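Input: a single structure, listed below in structure tokens.
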Amino acid sequence: MNEQPSIALRNKHLNLKNLDLSSAEFPLEHIDINKYEGIQKDIPLFENNSLQDIKFISKWFQVLNLARGCTQRCSFCIRCSEYPVKEVDNKISTILWEDLIRFTDGFSSLGERLGFNPLKGNSHLVLFEDANLPDARIKDINGQIHNTRECIEQVWNKLRMPFILVTSGWFLNDNFAQSTAEEICNFMVKNPTSIKEFGISVNPFYMGDRDYYTSKVANAIKTFLPIFKNGNEQGVILIKYNRPNGVKAETTGIEETTKLYNEIYSKLKDMTACSLDDFEILKPENVTRHSDDKYILNRGNARNYFQQDEVEKYNKQIQEESEKWSKMSQTEKYAHAYENTTKNINIDGKIYLVTPSEQVINTKLSLNYINKNKIAAPVYSDAEFDTL
Ligand code: SF4
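In terms of the working numbering, the sequence shown is residues 9 to 396.
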């Protein structure tokens with residue numbers, strides 16, 4: 009049988025004698041990229057990408073967006089999330105199911121040709137930048153809807169990257185989101201290594217009715233209860249609140265947030281009708297114990313809860329960061345971004361970067377998604393940066 013050209017190319021240039029690339033972190037760093045160039049040929053995902061592009065994307069690859077836009081409207085959202093856009097006039101609010109398949113098949117085919125997983129070294133994968141996943145309805149070309157559990161299963165089966173997932177709950181009358189959440193929970197229980205961390209967000213910055221909010225969060229915890237059981241290290245309640253000197257601190261500080269969580273816990277007890285002794289991590293004294301990392305960050309919409317001088321100080325810092333970036337040469341930008349930013353993929357296949365201070369840098373790089381010419385909302389950033 010004739011050997012595929014790409015495999016022949018790999019065998020010609022691969023030297024596996026001295027280096028075990030299958031266990032090396034960021035393995036594309038350990039090969040001569042120019043010698044391998046072409047190995048990605050005929051993989052539809054990489055039609056417009058060089059192997060150097062793929063190497064760039066593979067270093068600190070972090071977010072594969074399945075959906076954009078959020079129904080939850082938290083007033084402290086650091087991405088200033090808007091509602092999902094209406095899918096009219098070429099606009100999209102979710103990935104196309106076939107593009108998800110193209111993505112997972114693309115990277116797994118490349119891995120087979122190389123003989124190692126090019127994404128190895130990335131500790132986890134996130135599936136959204138500013139969306140709430142149990143809600144997401146991923147359409148395929150025929151208009152059939154796929155839920156997040158199907159997407160998670162597809163990515164896990166093909167790429168074996170563990171996920172970090174967070175939800176702030178879902179509308180109580182959303183049966184689709186409820187059954188999706190139950191399916192995700194079942195999947196995680198059956199595939200414990202697929203989840204690095206599963207978080208449920210609790211904060212006093214929600215919009216709307218308190219009673220509804222506490223019921224919504226209690227329902228989310230109840231749905232994912234097995235993940236929080238003693239001995240399971242993956243479940244976490246992500247609680248956030250304001251600093252004592254923050255704006256509206258009297259209603260958004262630790263005391264009020266502790267009361268809020270106590271109400272949620274009490275509802276959870278009623279809903280589950282059990283003592284919750286096997287779920288130490290959910291006990292109010294464990295959830296509401298103070299640590300500085302529970303303070304909200306001076307970013308995005310959360311800046312509305314900071315005093316003006318602190319907001320100005322932060323704005324100045326990110327302005328300086330943006331100016332420093334704009335003074336770099338193209339080569340310096342590329343090298344800096346390669347080492348210091350995460351690589352993230354929007355629902356249209358475009359690559360954007362996120363800096364350590366959570367700023368977004370758009371790039372001209374994109375993957376060959378079927379929906380590459382559709383319009384996805386830009387990801388919010390506090391400062392503008394020149395495109396790479
Ligand atoms: S913080 Fe999360 S759940 Fe809340 S609006 Fe933003 S993306 Fe949605």
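Glycine included, C-beta positions come from ideal geometry on N, C-alpha and C.
Given the structure is predicted, the values throughout are model-derived calculations rather than measurements.
Exercise. Apart from the five residues just before and just after P35, which ones in its own chain have a Cβ nearer than 7 Å to its Cβ?
Worked result: Hits under 7 Å: L29, F124, P126, K128.
For this session: Report yes if the C-beta distance between Y269 and V210 is below 8 Å; otherwise report no.
Result: Cβ atoms of Y269 and V210: closer than 8 Å.
Problem set entry | Buried/exposed call for M215, threshold 16 Cβ in 10 Å | Residue burial is scored here from C-beta neighbours: M215 has fewer than 16 other C-beta atoms within 10 angstroms and is therefore classed as exposed.
Exercise. Can you tell me whether DSSP reads H132 as helix, strand or coil?
Worked result: If DSSP states are grouped into helix, strand and coil, H132 belongs with coil.
Exercise. Is it true that the CB of F115 sits closer than 8 Å to the CB of L72?
Worked result: For the pair L72 and F115, the CB atoms are not nearer than the 8 Å cut-off.
For this session: Go through the residues and name those whose CB comes closer than 6 Å to any heavy atom of the ligand SF4, in chain order.
Result: Every residue passing the under-6 Å Cβ criterion appears here: C78, Q80, R81, C82, C85, R87, S89, D138, N140, S176.
Exercise. My guess is that M279 and K230 are in contact by the Cβ rule of under 8 Å, so how many angstroms apart are they, rounded?
Worked result: That belief holds up - the Cβ atoms of M279 and K230 are roughly 5 Å apart, short of 8 Å.
Problem set entry | Coil, strand or helix - I353 by DSSP | In the structure shown, the three-state DSSP call for I353 is strand.
Exercise. Mind checking L24: buried by the 16 CB within 10 Å criterion, or exposed?
Worked result: Bear in mind that the predicted position of L24 carries a pLDDT of just 47, short of 50, making it unreliable; the figure below should be weighed with that in mind. Result: exposed.
Exercise. What are the start and end residues of the alpha helix (DSSP H) that includes N348?
Worked result: Counting along the chain, the alpha helix (DSSP H) containing N348 begins and ends at 338-348.
Problem set entry | the stretch 70-87 in contact with the stretch 315-327 per 3-pair CB rule at 8 Å | Pairwise C-beta distances place the stretch 70-87 out of contact with the stretch 315-327, as fewer than three of them are shorter than 8 Å.
For this session: Kindly provide the ranges of any beta strand (DSSP E) runs that are 3 or more residues long and lie completely inside the stretch 61-123, ordered along the chain.
Result: Every beta strand (DSSP E) stretch that sits fully inside the stretch 61-123 and reaches 3 residues is listed by chain position as 69-75.
Exercise. Does DSSP put I450 in a helix, a strand or coil?
Worked result: Given a span of 9 to 396 for the chain in the structure shown, any question on residue 450 remains unanswerable.
Problem set entry | Backbone secondary structure at L24 - three-state DSSP | Low confidence applies to L24: its pLDDT is 47, below 50, so where it sits in the model is not reliable, and the reading given next is rough at best. L24: coil per DSSP, three-state reduction.
Exercise. Among Q186, R218, N227, I172, which residue has its Cα nearest to the Cα of E241?
Worked result: For the residues Q186, R218, N227, I172, the minimum Cα distance to E241 belongs to I172.
For this session: Taking only the alpha-carbon atoms, compute the straight-line gap between S31 and Y313 and give it to the nearest angstrom.
Result: Counting only the Cα atoms, Y313 lies some 45 Å from S31.
Problem set entry | Reduced DSSP category for S403 - H, G, I as helix; E, B as strand; rest coil | Within the shown structure, residues of the chain are numbered from 9 to 396, placing residue 403 beyond reach of any answer.
Problem set entry | Classification of F393 by the beta-carbon crowding that lies within 10 angstroms, buried from 16 upward | With 16 or more other Cβ atoms within 10 Å, it is buried.
Exercise. Which residue comes first and which comes last in the alpha helix (DSSP H) that contains N183?
Worked result: It spans 183-198 - the alpha helix (DSSP H) in which N183 sits, taken as one unbroken run.
Exercise. For D61, which residues from the same chain have a beta carbon less than 7 Å from its beta carbon, with the 5 sequence-adjacent residues on both sides left out?
Worked result: These residues qualify, in order along the chain: L373.
Problem set entry | CB contact flag (N352, Q70, <8 Å) | Yes.
Exercise. Looking at the structure shown, is G308 part of a helix, part of a strand, or coil, going by DSSP?
Worked result: Here G308 sits in helix by DSSP.
Problem set entry | Candidates E205, V244, N227: closest to N294 by CA position | Measuring from the Cα of N294, the nearest candidate turns out to be V244.
For this session: Report yes if the CB atom of S223 is closer than 8 Å to the CB atom of K291, and no otherwise.
Result: Taking 8 Å as the Cβ cut-off, S223 and K291 do not qualify as a contacting pair.
Exercise. For N4, does the count of other Cβ atoms within 10 angstroms reach 16, so buried, or fall short, so exposed?
Worked result: Residue 4 lies beyond the residue range present for the chain, which begins at 9 and ends at 396; the question has no answer from this structure.
For this session: Locate the alpha helix (DSSP H) running through N381, then write down its first and last residues.
Result: No alpha helix (DSSP H) contains N381, which DSSP labels as neither H nor E.
Problem set entry | Per DSSP, cross-strand counterpart(s) of G239 | Among the bridge pairs identified by DSSP, G239 is matched with none.
Exercise. Run through DSSP, which three-state label would A16 get?
Worked result: The predicted model places A16 with a pLDDT of 45, which falls under 50 and marks its position as unreliable; any figure quoted below should be read in that light. A16: helix per DSSP, three-state reduction.
For this session: Have a look at A226 and Q48 and give me their C-alpha separation to the nearest angstrom.
Result: Between the C-alpha atoms of A226 and Q48 there is a straight-line separation of about 47 Å.
Exercise. Cβ of L135 within 8 Å of Cβ of I378?
Worked result: Between L135 and I378, the CB-CB gap reaches or exceeds 8 Å.
For this session: Run the CB neighbour count on N381, radius 10 Å, all protein chains shown included, and call it buried at 16 or more, exposed below.
Result: With fewer than 16 other beta carbons inside 10 angstroms of its own, N381 counts as exposed.
Exercise. In the structure shown, what three-state DSSP assignment does T363 receive?
Worked result: In the structure shown, the three-state DSSP call for T363 is coil.
For this session: Pull up the distance between the alpha-carbon of H344 and that of N155, whole angstroms please.
Result: Taking the straight line joining both Cα atoms gives about 37 Å.
For this session: Look at Y388 and C88 and say whether their C-beta atoms are less than 8 Å apart.
Result: Yes. Within cutoff.
Exercise. Taking the C-alpha atoms as reference points, what is the distance between V362 and T350?
Worked result: Using only the alpha carbons, I get a separation of about 5 Å.
For this session: Note down the Cα distance separating D143 from D40, rounded to an integer number of angstroms.
Result: Whole-angstrom Cα-Cα distance: 43 Å.
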